[in-house]
Each structure stands twice: as C-alpha cells, then as structure tokens.
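Number of protein chains: 2
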Amino acid sequence: MIGAMARAIGVDIGGTRTRVAAVEGERIVARRAFPTRGIDEVREAIGEVLAAAGWARPATIGVGAPAPMDMREGRILGCPNLPHWNGVEVTKELQRAFACPVYLANDATCAAIGELAFGHRRRDFVYLTWSTGIGGGIVSGGRVVWGATGQAGEIGHIVLRPDGPPCGCGKKGCLEALAGGASLARRGSEALGEALSAREVVERAQRGDPHAHALVADACRALGQGIAILWEILEPELIVLGGGLTGSWGFLGPQVLASVGTMARGSPEIELTRLGDDAGLLGAVALPDYVPPQWGPR
Amino acid sequence: MIGAMARAIGVDIGGTRTRVAAVEGERIVARRAFPTRGIDEVREAIGEVLAAAGWARPATIGVGAPAPMDMREGRILGCPNLPHWNGVEVTKELQRAFACPVYLANDATCAAIGELAFGHRRRDFVYLTWSTGIGGGIVSGGRVVWGATGQAGEIGHIVLRPDGPPCGCGKKGCLEALAGGASLARRGSEALGEALSAREVVERAQRGDPHAHALVADACRALGQGIAILWEILEPELIVLGGGLTGSWGFLGPQVLASVGTMARGSPEIELTRLGDDAGLLGAVALPDYVPPQWGPR
Chain E
924 MIGAMARAIG VDIGGTRTRV AAVEGERIVA RRAFPTRGID EVREAIGEVL AAAGWARPAT
984 IGVGAPAPMD MREGRILGCP NLPHWNGVEV TKELQRAFAC PVYLANDATC AAIGELAFGH
1044 RRRDFVYLTW STGIGGGIVS GGRVVWGATG QAGEIGHIVL RPDGPPCGCG KKGCLEALAG
1104 GASLARRGSE ALGEALSARE VVERAQRGDP HAHALVADAC RALGQGIAIL WEILEPELIV
1164 LGGGLTGSWG FLGPQVLASV GTMARGSPEI ELTRLGDDAG LLGAVALPDY VPPQWGPR
Chain W
924 MIGAMARAIG VDIGGTRTRV AAVEGERIVA RRAFPTRGID EVREAIGEVL AAAGWARPAT
984 IGVGAPAPMD MREGRILGCP NLPHWNGVEV TKELQRAFAC PVYLANDATC AAIGELAFGH
1044 RRRDFVYLTW STGIGGGIVS GGRVVWGATG QAGEIGHIVL RPDGPPCGCG KKGCLEALAG
1104 GASLARRGSE ALGEALSARE VVERAQRGDP HAHALVADAC RALGQGIAIL WEILEPELIV
1164 LGGGLTGSWG FLGPQVLASV GTMARGSPEI ELTRLGDDAG LLGAVALPDY VPPQWGPR
C-alpha cells in the first residue's frame, strides 16, 4: 500500500515458533518458519528469504515479539518465555547486518496492524489473541493506540477477580490467569490428575468431562467479560479474535458470546481473524507505516 | 490555541446544572450557570453571554451532554436524567438560532478535551468522572478515542462483578453500580436506614460508622480496579480524576490508590483535575478542533 512496504521483511518471534517473510507490496514472496531461538537464527533466516526472493537487500525490517520492550532503544527486556532475547538490541543488530531501517513492536500490536493493513481494514477495532497467553492490539480512527511507552493493549492483565488464581505477572485473577491456554492446561491437569495441554482440556470438556467442562465454561465466561469491558471502554466497530484456542471456536464461541451478551450493552461485532497465523507477521511487515516517529529508527 | 476557538461558546449540560460560557482564546469572558432545563433556556443563556461579551455572534458553539447521542445528526437520544432533551436536535436548533457551526459530544469526552486543550495537555491520558455516575474520556497520541459512533469511554459500565448489584443500565455489577455516587447514596441509605446523599455516606464512613465504612471501602476498591483496567488496556501517561466525589479525595484517595496498587502492574500516575468544574465546559469550547469531519456540522 505504501512505498516503504515494497520489498519489506517481517519477523514474528513467537513463544515457540519464529516466522520470517519477504513481502513485496501485499504478496509474501518467500518465507521461513523455525523453532524460536535467538537473533543469530533470525539473521540467518532473513538472509535465506532475501536469497529466495532474489533481493540484494530489504527496504525495511519489522519485528514483532511477545515480550516487554524498550521501544525507543529497540531492545527486548527481560522475558522468561524468550530466554535468548533478554536485553537483545534487536533494531541495532539487524540494522547493522542488513543496512536498512528496523522497527520493533509487541506481537499483539503487530497482529492488529496486520488486520489494519492486510485484513479487514476497519478503522476502529481491537485484535485479541486467545492463546497460551492473552494479548491485544487497539486501533482507533485508523491509528494504533500505543500507550505512553508502546505497551497498551495488555488485556490479558486486567484483573477480573481480585481474589482469583495467581497470574504469571504476580497479580491475582487476571483475565490471562482465568482464560489463557497456559492456565487452562495447568488447572485442567490439576483437576483431572494428568498432564494435559489446553487443547486436551477443551477436548475433554467437549466430550462431557464435568471438571474440564466447568473449567472451560469459566474461561469462556471470563473471556466474554474481558471482551465486554473492551467494548464499553473503546466502542470498537469490530473485535477480531486470533490465537490457538480460536481453533475450537465452534465449541467455545457460543459460550464466549453468551457471556459478552450479558455483560455488554449493545451487540459487539466479533469475528475470527482471516489472516490465520500470519496476522502478526504481516503486521511486522507494515510497522514502518505505523510506528510513531519518536520510536522509529534513528 | 486555534483560530476556530476565537470567540467560541461552550455549553455543558449537567444532570443538575447547565453552564454556558463565552471564551476568547483561552479566557472565559462571560458565563452563566442555571438549573438544567431544556434547549430554550440554553438558547437564552447563550444570548446573555454573547451580550455580556459584546459579541454580535459566536464563531462556533460546542455542547457537551451526559446522554447517549447520535453524533452524525447532532441529536440527543432518550435519557431518563435529561427529560427535556430527549430527541432534541441540538446542533440544528442552535445553528438556526446563532448562524454558526455547532458541535455536540458526550460530557466526559468533553472533559478529556478540556484537559487536552486547557489543562495538563498530555498526549496519552484518560479522564475519569467520579460523580453521581462514572464516565470517561480517552486521549491517545493527542487524539480523542471516539469509538465507532462516539460512545467510547463508558468506563462506568464495565462489569466487574457479574453477580453484583443491578445497574441503571440493566446489567449487573457495573463499576457505576459499585462505586458511583447514586449507588453509594442508595446502598448507604438502605444500610443506615435513613435517606442519605453520597457525600453524607462518605462523611459517616469518615466518622467511623462501620456500615458506611464498608460500603465506601468497597466502592474505592472497585474504582481502583477500574483504573487498573484502564491502565492495562491503554497505558496512559496519566489518569485525571474529576467529579464531586473527588472532593473527599483526602479520605478516599488512599483507599483507591491502594486498590490500584494491587491490580495494576507498574505505577499509573493519577492526579485530580486542575480545571475543577470547568473541564467539560472548556472541552465543549474546544470541540471544533477535535470532532472528526464525519460528525462535524454539514
């Protein structure tokens, strides 16, 4: 859509997998995906997609990561899920290697940008990832709501039950602790007495196990409450859901929507992402068009 | 600050009082305040402040109201608190009377705009009214977050306790039903067996009445939870509080802040408005600079 996006590289560092793509205009011309390690592997993968695309060098590189970060310095801060990335100066390192401007942002914000630039293209919406954790990205009037330091959209850490179960963030009763995949897996494993993934807990619920069913129903109720809260605060045109747990939307969706129905005035429009796993990757590609100047390359 | 604001009229329609002011640049040159009635009284008061200011006619008129509204049509929709305003075509009526562009917006959004244009002038903040009801206005990157139809910022209607007390909006356990002045007055009167205002319930709490104390403590906890939720979702630089209940901030503030402390990661900056009761009035004056073109005068 914009000049800077001609021949751009996008990098989506996930908790388990990293995706790298070369994009020309709106078309992915080359891509790699591999288990998440550190910056050396990302540098190498960028080299590979450049070669596959037949480009000498990219116009820009955009990187999304599921970690707290210093946007001004382009550095990832301490994050237990990404041990190889603690303190890594992402933008400096990649700028040095590929001699082009590099942009870094939160992965859920990237997914929202992906929807804005390549997906449904609405101007007022929220993107919500329902996965191991729960994250969000907010667009208002066609612009990203970044917050004071770029950390806005932390919908997973709104406290719904002050006396609820502990969250990885140190607080209690966060939405993520009630409805996130990691929590569902942990609480399901405890309740059923065997090690289960979130997907397996959902499958057990679907097959009628009462313990799993109660846990899953509670998670859906909490997610619906979180969506209703977003709706009242932001009045988005649309709420877009992505992330692994939406793979079971046929079973989970009606429960989530029933909860939204009792907790929101009006009827929020809710749909699943049409970009699949690529929302964050495509958003990373489009970062140069959306990152505010104070956080852009210097 | 901007040309359109030379010789502007601001109108703040409150649940009990209406304020009208003539503002030149940043200075209020004439003002009127009177018990809220209908549009005839507003028209008359505008005439009076124009005469007092010595203006033939205003450049613009901005109106804030605590009611749902159709921004496109400049019309106030059904609102039990404002019986004289149901269905009134505010912008058309005033445009006809004063032959200038007229703008209409929600009063809490106006208060946020007042802070942006005349108050602390931060670029990422939330304004929160803690009064009979609870409302909010959101500014991100120096721009108002309006939502799809201009109704964003309804922080009073986020559900914190799905099984909590009924709210005037028809839902249960909304922040407003837990911490708003009307709810505090009603629940306090029930608990103490006599008709009390919210201010009186707070005074009883301050003097050590255990029932009043428990109710007020619960309201402060809920407000703190709401503020923490805003912080996680929006990461504002600042949260500004206004409204009648902040008059007792010396007693209430520490309880609210303690709740924020346990429910937000990080330390949100929170301060009371420095514009007193004029935040909404001044924001109404500045509306021409902030209302998006699709909702402006035609």
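From first to last, the protein sequence lines stand for chains E and W. Be aware that the first sequence starts at 924, since it is given in the numbering used here, and climbs by one per residue. Be aware that the second sequence starts at 924, since it is given in the numbering used here, and climbs by one per residue. For glycine and all other residues, C-beta sits at the position ideal for the given N, C-alpha and C. Remember, predicted model here, so these are calculated numbers, not experimental data.
Simplified DSSP state of residue i, which is helix, strand or coil
i       : result
W/M924  : Because W/M924 sits at a pLDDT of 44, beneath the cut-off of 50, its placement in the model cannot be relied upon, and the following sentence gives the value as read from the coordinates. In this structure, W/M924 counts as coil in the three-state DSSP scheme.
E/D1047 : coil
E/L1189 : Note that residue 1189 of chain E corresponds to Gly in the displayed sequence, not to Leu. In this structure, E/G1189 counts as coil in the three-state DSSP scheme.
W/L973  : helix
W/G1167 : helix
W/T983  : strand
W/P1089 : strand
W/R1221 : coil
W/R1066 : strand
E/E1099 : helix
E/E996  : coil
E/V934  : strand
W/G1058 : strand
W/L1289 : A question about residue 1289 of chain W goes unanswered here, because the residues of chain W that appear run from 924 up to 1221.
E/L1175 : helix
E/L1180 : helix
W/A1071 : coil
W/E1160 : coil
Rounded C-alpha distance that separates residue i from residue j
i       : j       : result
E/R1046 : W/A1114 : 47 Å
E/D1132 : E/A1121 : 14 Å
E/I1061 : W/P1006 : 36 Å
W/Y1213 : W/T939  : 26 Å
W/V943  : W/G933  : 6 Å
E/W1069 : E/G1076 : 8 Å
W/Q1074 : E/H1043 : 22 Å
W/G948  : W/A1031 : 22 Å
W/L1205 : W/D935  : 9 Å
W/G1079 : W/A929  : 34 Å
E/A927  : E/D963  : Unreliable positioning characterises E/A927 in this predicted model, as indicated by a pLDDT of 45, which lies under 50. A coordinate reading is not provided.
W/Y1149 : E/F1021 : Looking at the sequence shown, residue 1149 of chain W is not Tyr but Gly. W/G1149 and E/F1021: Cα-Cα distance of roughly 45 Å.
W/H1134 : W/L1164 : 26 Å
W/R1110 : E/W1008 : 52 Å
E/G1087 : W/A1145 : 15 Å
W/H1136 : W/R1127 : 7 Å
E/M924  : E/A1207 : With a pLDDT of 44 at E/M924, under the threshold of 50, the modelled position of this residue cannot be trusted; read the value that follows with caution. Distance between the alpha carbons of E/M924 and E/A1207 is about 14 Å.
E/S1112 : W/L1119 : 51 Å
W/P1177 : W/I1081 : 23 Å
W/E967  : W/A975  : 12 Å
From the options, residue whose alpha carbon lies closest to that of residue i
i       : options                            : result
W/W1053 : W/A1187, W/G1131, W/A1034, W/L1210 : W/A1034
W/G1199 : W/I999, W/L1051, W/P1220           : W/L1051
E/C1002 : E/A982, E/P989, E/K1094, E/E964    : E/P989
E/I1156 : E/R1188, E/F1174, E/C1092          : E/R1188
W/R998  : W/T983, W/G985, W/G987, W/T1014    : W/T1014
W/P1215 : E/A968, E/G1065, E/V1025           : E/G1065
E/D993  : E/A1071, E/E971, E/I1057           : E/A1071
E/A1105 : E/G1091, E/E1117, E/G1096          : E/G1091
E/G985  : E/L1098, E/A945, E/S1182           : E/A945
W/L1175 : W/P1211, W/R1130, W/P1191          : W/R1130
W/T1185 : E/S1063, E/Y1026, E/N1029, E/R1084 : E/R1084
W/G937  : W/A979, W/F1041, W/T1055           : W/T1055
E/I1162 : E/R1197, E/G1170, E/D1141, E/S1171 : E/R1197
W/G1010 : W/A1100, W/E1117, W/G961, W/V1183  : W/G961
E/A931  : E/A975, E/I951, E/T983, E/V972     : E/T983
W/E1038 : W/S1063, W/P958, W/W1172           : W/S1063
W/A1102 : W/E1117, W/R1019, W/V1139          : W/V1139
E/V1025 : E/V1179, E/R980, E/V1049, E/E1160  : E/R980
Range of the contiguous beta strand (DSSP E) that encloses residue i
i       : result
E/P958  : 950-958
W/T1014 : No beta strand (DSSP E) holds W/T1014; the alpha helix (DSSP H) holding it covers 1013-1021.
W/V943  : 940-947
E/D1200 : It is not in any beta strand (DSSP E) - E/D1200 carries neither H nor E in the DSSP assignment.
Extent of the continuous alpha helix (DSSP H) run through residue i
i       : result
W/P1145 : Correcting the residue identity first, residue 1145 of chain W is Ala in this sequence and not Pro. 1133-1157 is the span of the alpha helix (DSSP H), which, as asked, contains W/A1145.
E/S1112 : 1104-1115
E/I1081 : Premise fails: E/I1081 is in no alpha helix (DSSP H) and is neither H nor E.
E/G1037 : 1030-1041
E/E1123 : 1121-1129
Neighbouring residues, chain A, relative to residue i (Cβ below 7 Å)
i       : result
E/S1112 : Looking at the structure shown, chain A is missing, and the protein chains on hand are E and W.
Scan the region 1136-1161 of chain E for residues whose Cβ lies nearer than 8 Å to a Cβ of chain W and list them as they occur along the chain. Shown in chain order are the members of the region 1136-1161 of chain E whose Cβ falls below 8 Å from a Cβ of chain W: R1144, Q1148, A1151, I1152, L1153, E1155, I1156, L1157, E1158, P1159, E1160.
Using Cβ-Cβ distances below 7 Å, what residues of the region 1077-1091 of chain W are close to chain E? So the list reads E1077, I1078, H1080, I1081, V1082, P1085, given in the order they occur along the chain.
Quick one, which residues of the region 1042-1057 of chain E are near chain W if we go by CB-CB under 8 Å, in chain order? From the region 1042-1057 of chain E, only D1047 have a Cβ closer than 8 Å to chain W.
Within 8 Å of chain W by C-beta, residues of the region 1014-1033 of chain E in sequence order: Of all residues in the region 1014-1033 of chain E, none is placed with a Cβ closer than 8 Å to any Cβ belonging to chain W.
Give, in chain order, every residue of the region 994-1009 of chain W whose Cβ lies closer than 7 Å to some Cβ of chain E. If the cut-off is 7 Å between Cβ atoms, the region 994-1009 of chain W has nothing near chain E.
Contact list for the region 1187-1205 of chain E against chain W, Cβ threshold 7 Å: Those would be R1188, in chain order.
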